[in-house]
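Chemist: Residue 69 in UniProt numbering is what sits at position 69 of the sequence shown, and the numbering runs on without skipping anything.
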Amino acid sequence: MYTNTGYLDIADADLEDDTIPLRINCCGVYRLLTRLSLTTIRATGRPDYQLLYIASGKAEFVLNGAAVTIPAGNMVLYGPGEYQQYTYLLEDRPEVFWVHFTGYEAADLLSRTGLSLEDFRILRTGCASRYQDLFLSMIRELQLPRPLSGDFSSLYFKELLLTVERQIAEGGKNKPQIQKEMEHAVHFFHENFSADIDISDYAASLHMSTCWFIRSFKQYVGVPPLQYLTSIRINKAKELLESTDCPVSEIGSIIGYENPLYFSRIFKKQTGLSPAAYRKVLPSAHTST
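1) Quick check for students: name the residue ranges of the alpha helix (DSSP H) that lie wholly in the segment 242-278, counting only runs of 4 or more.
2) Tell me which residue opens and which closes the beta strand (DSSP E) that residue 75 is part of.
3) Pull up the distance between the alpha-carbon of residue 251 and that of residue 90, whole angstroms please.
4) Just list the alpha helix (DSSP H) runs in the segment 141-199, keeping only unbroken ones of 4 residues or longer that don't cross its boundaries, in chain order.
5) Inspect the beta-carbon positions of residue 53 and residue 75 and report whether they are closer than 7 angstroms.
6) Tell me the residue span of the beta strand (DSSP E) that contains residue 70.
7) Does residue 131 pass the burial test, meaning 16 or more other C-beta atoms within 10 Å, or should it be called exposed?
8) Nearest to residue 274 by CA position, among 244, 254, 238 and 253, is which residue?
9) Tell whether a beta-carbon distance below 7 angstroms holds between residue 72 and residue 127.
10) By Cβ distance below 7 angstroms, which residues in the same chain neighbour residue 137 in space, the five residues on each side in sequence not counted?
11) Taking the beta strand (DSSP E) that residue 96 belongs to, which residues open and close that run?
12) Do you know offhand how far residue 219's Cα is from residue 178's?
13) Quick one: Cα of residue 59 to Cα of residue 98, how far?
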């Protein structure tokens, strides 16, 4: 089982504190790797709140005495002192982020988002890498306390709830999250085309598998990401060949190809001409336009 957690060093008796606005007591993420199942049962709950986010797969919960299967893209709320029971099954491939918190602002923050202990314990949030980033930020603050770590972890939690609230408020007007991720990838490639971009590493930064990222990118853009990145580089090379007298080898380096021979091969494959030949035909091309 993969687990990454951070805890505030306080006694169990101090987990609930209504004299402070907000405090994050602990935060973490679970992912089953080989273990067949993991069940958590707290007959008397905990003194603080717990919010769980199913980032992928699904999980089994008991809420108000009823068993409920909750898929990815949902958050689940347990209140202080409330019976808790939930199960993760390896076959469901769950990845679940969770946070325990307390403070007199907690109920109002949850209510604004659409969560309450009286009516709505399950909230459809959709899946977004930003949610995971904010959970991980809280975990890091708890793992390595620094000055103002408590304030920062509370701010990350508030940002998490505000992000969910905005997502819900925008409703149908909001672009699907996957489309926004692909648009971000397009902008990233245009701004960093000269860097050594590894598609697998970029996919991992979005918490996606490489295959899923490539398939999604092609669906929204029309071509695979590496082909799109190559076209950006070749178009930039054409621009430099036309507007500067930089050596071909230097142009290759500028656009991200340190090996001049490899650059020439890629350029010829895309244009039908080597970089040097392309530059030679430019005068006639200019006079014909």
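Where a beta carbon is used, it is the ideal one built from N, C-alpha and C, also for glycine.
Modeler: Concretely, from the data shown:
1) 248-254 and 260-271
2) 74-78
3) 50 angstroms
4) 149-170 and 177-191
5) yes
6) 66-71
7) buried
8) 238
9) yes
10) 156
11) 95-102
12) 10 angstroms
13) 13 angstroms
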